[in-house]
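In terms of our numbering, the sequence shown opens at residue 3 and continues consecutively. Taking it in order: structure first as structure tokens, then the write-up.
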Amino acid sequence: MFFYHRFFASNIRKKAASLCFLAILFFLNTSHAGVTMFVNSAEDGPPIEDGKCTLREATASANQSKFVNDDCFNGSKDWEGPDNIIITFSDDVVSLTHLGAGEDNGETGDLDIHVDLNISVKEERLVMINGLYNDRVLDLHGPIIVNLSKLIIANGQPPHEGQALYGGGIRIMHADSLLTLSDSKVILNRLTGSGYMEVAGGGIGGRGYVTFYRSEVNDNLVFSPLYYSQKLGGYEATGAMGGGVALLGEDPLSPSWSFLHAYDSRFSGNIVRQLGPVSWKFLRNSEKMYYTRATEGGGIYGDRAHIHLERVEIANNLVENMDETYGNVRGGAISINRHHSSVTSINSTISSNTIALHSNAGQGRAQGGGIYSPNMSSFIANSTIVFNEIFMLKTEENSQTIEPTAGMKLMEETGMINSILALNFVGENDENRREASGNDPVGFNTGGSNIFGARTGPENAVDIHLFEVGKPSKSAVQAAYKKLSLQPLADNGGNNTLTENPRTHALGSYFDDNKLMYSIAVDRGTNIDSINIDQRGFKRPAYGWSFNKQTDIGAYELNAKP
Ligand SMILES: [Ca+2]
Ligand SMILES: [Ca+2]
Ligand SMILES: [Ca+2]
Ligand SMILES: [Ca+2]
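What follows is the structure in structure tokens.
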């Protein structure tokens, strides 16, 4: 398996480079311990010496490398090195009630961070930092290392700033930042554009190196309204990307790479919503120019980015264009741009993500209900990519919409092994809805043991093909549902304690002529030494129906034990 070795070699190089980077930063920071502060009050307000150490006082002290008053003083004044903020109050929520968005020193609104900082909770429980939809919650400035643990970052919403807007919950300003979230949630944050520049990252937005352990990025929103452009002489909606997370490498002054690594985590229920032209009929009649930029990445968007997922759920995210679009609408779960960007998905479930076009697609392109990722090398192993959908309410005769692919749009050097890419659909209603998973892209490089849905190319001997070439019949689709016997997305186990386990589709069974049949995914994978657990962290391969311990195809291993 040529691609397999090449993939791991390049991945190790990438990892080595990033570990080197981490090692250098670690070395710079280990000579001093930093200051530890215990936050004993869930109140918010200007710093007042009252015996109560608040989160804002502790953050301000860390930023200034001096105590703003004596409330958070705990014996040490060694400000060299990363500081630690540990929450000890018993409340479950600290609300950022000291309102005042648009300042970046942590005095009002969001908590701005300018130094290496760890924020955690003393006990094994989650504490919410509530942005009250007044400002974002956390704002990271400069090349800093920030570790967040046992926190819920919720209800952030920055005001319009008359410029590109990133990060509804957390913004990361510098390309050399490292943000790690462990046992944490980023939920219910919003990003609403002012109409002049792009909006990206409903939960987290910006650039840098972001890592998730046992965390959730759920129910965040990016919304792009419409504005009248004098320059274009028409209405324009801007780019809207990354309902959950958007990492951008494109900075004209300092182009850089961003990295998103996620382990045992969920990205679910995030939305990218683009208004599109409000009254397109009027605009069309007046023959004025109008233009909508890309709407992409319901769960994750990356530009000049590497996305690495292990034991991750990306489900029920939505990319929605409310009216006619002349831009690209793509990546219900993940959308990646730029040459040499990549997606790696191991033991992950990418399910039930949707691209919805509420009017006709114009000259736009709807692609990748699950993953959209052109011109890059990607690697998909033991992943389940199913039930993703491109929903198009209308299509016009003259529409230049290219053939939509509801599962995955990947090109060039995509390696795929032991994965399910099937039962992804394109269409508007029962009449024209069809299976269009989109395998066989250009340069597609199968490692074998995949289960594919509708295909455009020839059958091969190493994968399981559920359908013949062309549009599968309804009865063929029903038979495929039965053959796969995927159970509804559910928490079927895992190791997360403070957050929800990433959900999986359990593999079921069915009766055929009174004979018990297992899902076609059971025991039909290729055993790979380095993939010895499933998405839940349960040991694979496990015995299914065969006499050998054979790995199952997809993210879930039947009969596997913790
Ligand atoms: Ca105080
Ligand atoms: Ca700020
Ligand atoms: Ca602030
Ligand atoms: Ca098995």
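Virtual Cβ for every residue (Gly too), placed ideally from N, Cα, C.
For residue i, which residues of its own chain have a beta-carbon under 8 Å away from its beta-carbon, when the five flanking residues on both sides are left out?
i, result
"phenylalanine 284", "Because phenylalanine 284 sits at a pLDDT of 43, beneath the cut-off of 50, its placement in the model cannot be relied upon, and the following sentence gives the value as read from the coordinates. Hits under 8 Å: none found."
"alanine 25", "In this prediction, alanine 25 has a pLDDT of 48, which is less than 50 and means its spatial position is unreliable; nothing more can be read from the coordinates."
"proline 490", "His507"
"arginine 286", "Low confidence applies here, because arginine 286 scores a pLDDT of 48, under 50, leaving its location unreliable and the question unanswered by this model."
"proline 257", "Gly251 and Arg306"
Could you round the C-beta distance between residue i and residue j to whole angstroms and report it? I think they count as a contact, below 8 Å.
i, j, result
"glycine 300", "asparagine 222", "Going by Cβ atoms, the distance from glycine 300 to asparagine 222 rounds to 10 Å, so no, they are not a contact pair."
"arginine 268", "glutamate 502", "6 Å"
"isoleucine 357", "valine 321", "5 Å"
"isoleucine 172", "valine 139", "6 Å"
"glycine 241", "glutamate 200", "4 Å"
"glycine 115", "isoleucine 146", "Checking the displayed sequence, the identity of residue 115 turns out to be isoleucine instead of glycine. Indeed, because the Cβ distance is near 7 Å, the residues count as touching under 8 Å."
"arginine 538", "glycine 472", "Contact flag wrong, Cβ pair sits at about 37 Å."
Does the Cβ of residue i lie closer than 6 Å to at least one heavy atom of ligand 2?
i, result
"aspartate 46", "no"
Is it the case that the CB of residue i approaches a heavy atom of ligand 1 more closely than 6 Å?
i, result
"aspartate 93", "no"
"glutamate 59", "yes"
"lysine 563", "no"
"isoleucine 50", "yes"
"aspartate 72", "no"
"lysine 68", "no"
"lysine 54", "yes"
Is the beta carbon of residue i within less than 6 Å of some heavy atom of ligand 4?
i, result
"proline 299", "Going by the sequence as given, residue 299 is glycine instead of proline. Not so, every heavy atom of ligand 4 lies at least 6 Å from the Cβ."
"asparagine 557", "It is worth fixing the name first, because residue 557 is alanine in this sequence and not asparagine. Flag unset: Cβ of alanine 557 not near ligand 4."
"glutamine 489", "no"
"aspartate 554", "yes"
"glycine 546", "yes"
"proline 570", "Residue coverage of the chain in this structure runs from 3 to 564, which leaves residue 570 outside it and unanswerable."
"aspartate 525", "yes"
"proline 543", "yes"
Might you give, ordered along the chain, the residues of its own chain that have their beta carbon closer than 6 Å to the beta carbon of residue i, omitting 5 neighbours on each side?
i, result
"valine 123", "Ile89, Val129 and Lys152"
"asparagine 452", "Met418, Ser421 and Asp465"
"histidine 263", "Thr213 and His310"
"cysteine 74", "Met39, Cys55, Glu59, Ala60 and Ser63"
"glycine 333", "Glu298, Gly299, Gly370 and Tyr374"
"proline 564", "Phe540"
"alanine 44", "Phe91, Asp93 and Val96"
"lysine 485", "Ile522"
"glycine 429", "Arg435 and Arg436"
"glycine 556", "Thr386, Ile422 and Ala523"
"glycine 271", "Asn220, Asp221 and Asn318"
"histidine 100", "Asp46, Gly47 and Thr110"
"threonine 553", "Gly527, Asn529, Arg542 and Pro543"
"glycine 102", "Thr110 and Gly111"
"asparagine 390", "Gly334, Asn355, Gly371, Gly372, Ala408, Gly409 and Asn426"
"tyrosine 215", "Ser184 and Tyr265"
"proline 589", "As displayed, the chain neither begins before 3 nor continues past 564, which places residue 589 out of reach and without an answer."
"leucine 150", "Ile121, Leu183 and Ser186"
Can you list, in chain order, the residues of its chain whose CB lies under 7 Å from that of residue i, leaving out five sequence neighbours each side?
i, result
"asparagine 550", "none"
"asparagine 42", "Lys54, Cys55, Thr90 and Phe91"
"proline 84", "Asn31, Gly36, Asp118, Leu119, Asn120 and Ile147"
"glycine 108", "Arg58, Thr61, Ala62, Asn65 and Asp114"
Report whether the distance from the Cβ of residue i to the nearest heavy atom of ligand 5 is below 6 Å.
i, result
"valine 96", "Inclusion of ligand 5 in the displayed structure is not the case, the ligand content consisting of ligand 1, ligand 2, ligand 3 and ligand 4 alone."
- request: Give, in chain order, every unbroken run of the alpha helix (DSSP H) that is at least 4 residues long and sits entirely within the region 56 to 127.
  value: 57 to 66
- prompt: Counting only runs that start and end within the region 191 to 224, where is the beta strand (DSSP E) found for 3 or more residues in a row?
  reply: 192 to 194, 206 to 208, 211 to 215 and 218 to 220
- request: Kindly provide the chain-ordered list of residues whose Cβ lies closer than 6 Å to any non-hydrogen atom of ligand 2.
  value: Asp106, Asp112, Asp114 and Asp141
Continuous alpha helix (DSSP H) assignments of at least 4 residues falling wholly in the region 474 to 528: 476 to 486
Any alpha helix (DSSP H) of 4 or more consecutive residues that is wholly inside the region 124 to 155: none
- prompt: What beta strand (DSSP E) runs, 3 residues minimum, are completely inside the region 430 to 473?
  reply: 447 to 450
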